[in-house]
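Worksheet: the structure to be examined is printed underneath.
Numbering (the working numbering), first residue to last: 166 to 265.
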């Protein structure tokens with residue numbers, strides 16, 4: 166039987182399917198534009214905004230604005246806390262699915 170990992174921690178906030186996909190999309194990159202995330206996830210602006218606000222309130226993501234070609238854009242990135250929570254959640258899921 167495997168010993169549970171020290172960093173494995175099931176996270177109810179991240180576990181919601183769309184929030185899990187948001188974190189998984191942000192994990193391998195420094196940041197992503199809102200429009201890119203929206204297209205990748207195939208959701209409406211309002212749906213993505215709602216989930217991003219919940220992750221931001223927990224301190225899991227940072228949302229910043231920048232201007233490109235005279236237009237305002239939003240970029241989203243995982244914080245150190247968010248990355249730690251995501252990695253721990255994935256580790257917990259792996260332990261659960263290992264059946265031990």
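C-beta: ideal position from N, C-alpha, C; glycine also.
Just so it is clear, the structure is predicted and the values come from calculations on it, not from any experiment.
- Pairing residue 241 with residue 178 gives a Cβ-Cβ distance that is not under 8 Å.
- With a 10 Å radius around the Cβ and a threshold of 16 neighbouring Cβ atoms, residue 261 comes out exposed.
- Here residue 210 is exposed. Its C-beta has fewer than 16 other C-beta atoms within 10 Å.
- In the DSSP assignment, residue 252 falls within the alpha helix (DSSP H) that extends over 245 to 262.
- With respect to the 8 Å criterion, residue 172 and residue 223 are not classified as neighbours on the basis of their beta carbons.
- Closest by C-alpha distance to residue 181, out of 204, 200, 194, 212, is 212.
- Per DSSP, the beta-bridge partners of residue 242 are 227.
- In the three-state reduction of the DSSP assignment, residue 236 falls in the strand class.
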